[in-house]
Every structure is written in structure tokens, then in C-alpha cells.
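Contents: one structure, followed by commentary.
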Amino acid sequence: MNITRAQHFVWRRYLRAWADNELIWCLREGKVFRPNLMGIGQQRNFYEIREMTLDDIAWLRSLCAHLAPDVRSYALPLIGEFNELFAIKLRLLARGADPAALEKSISEAAIDLEEKAVQGVVEAAGEPYLAALLAGDTSFFRNVRDRTRFLHFLCVQYTRTRRMREMAFSGPAQMTSHNPEGIWNVLCHIVAAQLAASVVKMGYGLFVVRNNTTSRLVTADQPVINVHASHSPPGAMVESLDFYWPLSPSIAIVVSREPPDESEMPATTVADYNDQMARQALEQVYAAASGDFAGIEGVVGLATQTS
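Using the working numbering, the first residue of the sequence shown is number 6, and each one after it goes up by one.
In C-alpha cells:
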């Protein structure tokens with residue numbers, strides 16, 4: 006079985022806008038270096054799914070009961086899909102399968118099942134939207150189906166990161182209503198779907214903002230951020246939501262109820278957005294040039310606390 010163990014929680018296709026020949030500048034722990042895209046925004050077996058207990062499944066089903074009907078119709082089958090591999094294991098064990106050999110096969114399949122069957126599908130659906138946005142084209146957003154699909158894709162980029170997972174597992178923002186470790190793989194997709202549905206319902210707009218200054222936009226291992234959370238204490242309840250997503254050193258999008266103050270960023274806005282990206286990073290900030298980290302070296306991760 007061909008297993009992908011170095012699994013990216015930041016989409017490589019997205020990061021290429023900052024790369025030159027697959028090399029990108031990275032700021033981590035105060036050090037600046039230039040790795041290959043394969044070596045950043047990834048973690049070994051990041052997408053490995055865990056076997057859920059009956060309590061885990063019951064908790065998720067109870068959560069789904071409170072969701073909007075269209076989100077619930079997406080979420081309930083997803084719970085079954087994420088646990089199907091382990092249900093198969095039980096059926097095969099009941100038929101006399103060799104436990105050791107079966108455990109090895111199931112463990113290997115669990116490593117990249119989500120990346121190929123769920124995350125990969127979401128990103129494939131989002132790729133045409135990313136290409137359009139890089140060209141400054143937002144016309145797809147006028148179509149309800151495309152708007153809904155794009156916002157789901159965007160919200161997955163927001164929730165399905167190592168930062169979000171680690172904040173759910175520990176620190177002041179950690180989940181306390183249920184142990185998150187067994188359910189996170191499916192929960193983050195349910196949260197993304199519910200968040201996208203809420204944004205659609207509230208009539209958020211999609212706005213392109215361009216950077217024509219001599220400064221360049223940076224991105225990070227939390228590529229989509231809520232701009233209202235950048236200066237809040239980690240774990241604090243943030244009631245407002247406006248998304249910012251840099252797409253390249255020269256173009257970004259804002260998804261919000263009100264349009265941004267300007268469609269072309271002055272240098273002060275570029276600096277502010279770069280500062281916010283660094284603050285909401287877990288540990289890595291990415292840039293097209295090493296000098297783009299000037300002024301943000303000391304704020305990386307200040308809005309993130311996991312212990």
C-alpha cells in the first residue's frame with residue numbers, strides 16, 4: 006500500500022504563489038530559512054483517523070441534531086464514513102481474520118483515508134475558485150451553488166489546520182464538552198460545513214483586495230484567519246467573524262458582511278494584515294522573500310496558545 010505520511014495541512018497548491026522553483030521562505034522560532042514546499046505546513050500522519058467509541062459517535066449525532074437541515078444531511082453520513090474502516094475491521098475479525106495482519110492493514114489505511122477521500126475532494130472542488138480569484142475574478146460568487154461550495158472550501162482551509170486542532174486539544178480554547186482527540190477528524194469538517202452555511206445565510210460578500218505597494222503579503226500555517234481574533238487573548242470568545250485569506254504576495258480576499266475600506270491596500274494595511282497572519286500562526290510564517298518578515302518576527306503565535 007502506497008502511504009503518504011508527510012501530510013500537508015496547508016495546501017501546497019496554494020503555497021506555490023509564494024514559491025520559486027518549489028522553494029519558499031519560512032520564519033519559524035525566530036529563524037529564517039528557505040525549505041522546499043514538501044517540508045513545511047505538514048506533519049507526519051496528520052490526517053490519520055482514530056477509531057471512535059460509541060460515546061464519541063453518540064456525542065457527534067447529538068451535535069448534528071442541532072444543526073441546520075442541509076448541514077445535518079451532510080454531517081450524519083460523514084460520521085459513518087469516518088468510522089466505516091473500523092466497522093469493517095470488526096466484521097472481518099468476526100469472520101476469523103488474522104488479528105495482527107488485519108490491524109496492520111487497517112492502521113495503514115487509516116493514515117491517509119481522510120486526505121484522499123475527504124480533504125482531497127474538498128481541495129479539488131476549490132481549485133477552480135482559487136484560480137479565478139488569483140485572476141481577480143469573483144463572478145462565480147453570484148451563483149448560489151458556487152458560492153456555497155466555495156465557502157465550504159474556505160471554511161475547511163480555516164478549520165482543518167494543525168493550529169485549530171492543537172487549540173482544541175489543549176490550552177484556554179480547548180474543548181471541554183467532550184474529549185476531542187477521537188472525534189476531531191470528523192468534527193472539524195462538521196464545524197466547517199456549519200460555519201459555511203452560517204456565512205451563506207448571513208449574506209457575506211466576497212471582496213478582492215490588491216497590493217500594489219513595494220511590500221509583499223505573507224501567509225502562514227493558519228492560512229485563513231478571522232481578523233477579529235488577532236488581538237484577542239487566546240481562548241477568548243470572539244463574536245464577530247470576517248475572513249481574510251492572502252492568495253499571493255499581491256492579492257488577497259476578504260469575506261465579510263461589509264466591503265473593506267479600500268480595494269487597493271496602502272502599505273499600512275499590508276503591514277497590518279501581515280502582522281495579523283503572524284499573530285494567528287501556530288509556528289510558521291511564509292513569504293516570497295526573506296525581507297518580508299521584517300517587523301513581524303516577534304509576534305508569531307501571540308494569538309495562539311496551546312498550553
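Where a beta carbon is used, it is the ideal one built from N, C-alpha and C, also for glycine. As the structure is a prediction and not an experimental result, all values here were calculated from the model.
Around the beta carbon of L65, 16 or more other beta carbons sit within 10 angstroms, so the residue counts as buried. Across the structure, R100 and M169 are spaced so that their CA atoms are roughly 40 Å apart.
Annotation: N279 is outside any beta strand (DSSP E); the continuous alpha helix (DSSP H) that includes it extends over 272 to 284.
For the pair A293 and W16, the CB atoms are not nearer than the 9 Å cut-off.
The C-alpha of P82 is placed about 31 Å away from the C-alpha of L287. Y249 is positioned such that its CB atom lies closer than 9 Å to that of V229.
Looking at the backbone, the Cα of P74 and that of R33 are separated by about 42 Å. The alpha carbon of R167 has as its nearest neighbour, out of W189, V76, H157, the alpha carbon of W189. Distances from the CA of P264 to each of V214, A140, S175 were compared; the closest alpha carbon is that of V214.
Per DSSP, the beta-bridge partners of F38 are C31.
In summary, V149 is exposed, with fewer than 16 beta-carbon neighbours lying within 10 Å of its beta-carbon over all protein chains present. In the DSSP assignment, W250 falls within the beta strand (DSSP E) that extends over 248 to 253.
Around the C-beta of F155, 16 or more other C-beta atoms lie within 10 Å, and the residue is accordingly described as buried. Straight through space, the alpha carbons of A70 and R39 are spaced by roughly 47 Å. Taking 9 Å as the cut-off, the Cβ atoms of D280 and V304 count as close. Assigned with DSSP and collapsed to three states, S268 falls in coil, not helix or strand.
The beta carbon of G141 sits closer than 6 Å to the beta carbons of V213 from its chain, once the five residues preceding and following it are set aside; these are given in chain order. Between Q285 and Q227, the CB-CB gap stays under 9 Å.
Under the three-state reduction of DSSP, S261 is assigned to strand. When secondary structure is reduced to three states using DSSP, F212 falls in the strand class.
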